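Residue numbers (the working numbering), protein chains in the order written: chain A, 35 to 148; chain B, 205 to 317.
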Amino acid sequence: EAGVAQSPRYKIIEKRQSVAFWCNPISGHATLYWYQQILGQGPKLLIQFQNNGVVDDSQLPKDRFSAERLKGVDSTLKIQPAKLEDSAVYLCASSPNFSGNTIYFGEGSWLTVV
Amino acid sequence: AQSVTQLDSQVPVFEEAPVELRCNYSSSVSVYLFWYVQYPNQGLQLLLKYLSGSTLVKGINGFEAEFNKSQTSFHLRKPSVHISDTAEYFCAVSLVGINKFYFGSGTKLNVKP
């Protein structure tokens, strides 16, 4: 079974530029998550989709971050304009849509804003 | 509100020694409990999880964890660690009936020869 795919793995951009990350979840997983992991901290949920609807985006900085999940499969997370404090690993994860399931992570997209 | 507290940010230990990584949680509803491991430059991988039944859960790589409801804890243990266990470990809770996960801040396990 293929895992969660993310790209690009690494990105360096200047502040005020834009960046986009792509995620393809495990086939059949209805729930998709984007987490932000700042160095030395645990993952923080940015947005959670169930199929192509948003379940929770309460911690997404909506003035600069946006995410979509068209057709309920893959997803894109965009940052525009980027700030220095956005330097982090952006983890995509997916899970089946039932309570008690396991959440499966991709390898992450590492963003450095200079 | 739910929260997960990992009491130690770093745990140094010598190879072949036992180790315990501590995790406490607070929640007003029932939870499922998880431990994940993150190796350098990789995503998080599931070590083990507690859903119900026996409070002692065995996972991969010789790790185990014990759910203690009265103390709201889910500590991770291994009787003898290897150099390859050097990684960061995250405790997480998921609310029963709700597909949401909350993570602790992580514990870096550094196994020394």
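From the three backbone atoms N, C-alpha and C, an ideal C-beta is built for every residue, glycine too. Owing to the predicted nature of the structure, the values given are computational and were not obtained by experimental measurement.
Same chain, Cβ closer than 6 Å to A:Asn58, five either side skipped, listed in chain order = Ala39 and Asp108
ask   = Using a beta-carbon distance cut-off of less than 9 Å, what residues from the region 250-283 of chain B approach chain A?
value = Leu250, Lys253, Leu255 and Ser256
query = beta strand (DSSP E) containing B:His286: first to last residue?
reply = B:His286 -> no beta strand (DSSP E), and no H or E assigned at all.
inquiry  = Contact criterion: CB-CB distance below 8 Å. Does B:Gln206 meet it with respect to chain A?
reply    = no
query = At least one CB of chain E closer than 8 Å to the CB of B:Ser309: is that the case?
reply = Judged by its chain identifiers, the structure shown contains no chain E, and its protein chains are A and B.
message = Just to confirm, is the Cβ distance from B:Asn228 to B:Leu248 under 8 Å?
response = Not closer than 8 Å, so no.
Enclosing beta strand (DSSP E) for B:Cys227 [first to last residue] = Neither: B:Cys227 is in no beta strand (DSSP E) and is coded neither H nor E.
query = Would a check of beta-carbon distances place A:Gln75 closer than 8 Å to chain B?
reply = yes
inquiry  = To the nearest angstrom, how far is the alpha carbon of A:Gly87 from that of A:Pro77?
reply    = 22 Å
ask   = In the region 128-140 of chain A, which residues sit with their C-beta less than 8 Å from some C-beta in chain B, listed in chain order?
value = So the list reads Ser129, Asn131, Phe132, Ser133, Gly134, Asn135, Thr136, Ile137, Tyr138, Phe139 and Gly140, given in the order they occur along the chain.
key: Contact list for B:Gln322 against chain A, beta-carbon separation under 8 Å   = Nothing about residue 322 of chain B can be reported from this structure: the residues present for chain B run from 205 to 317 only.
query = With a cut-off of 8 Å, do at least 3 Cβ pairs link the region 302-313 of chain B to the region 265-276 of chain B?
reply = no
task = Use the C-beta contact count for A:Ser143: other C-beta atoms within 10 angstroms, 16 or more gives buried, fewer gives exposed.
result = buried
ask   = Residues in its own chain within less than 8 Å of B:Thr290 by CB, not counting five upstream and five downstream?
value = Taken in chain order, the residues that qualify are Leu313, Asn314 and Val315.
Between the CA atoms of B:Val208 and B:Glu292 - distance to the nearest angstrom = 16 Å
key: Buried versus exposed, by CB contacts within 10 Å (16 or more), A:Gly74   = exposed
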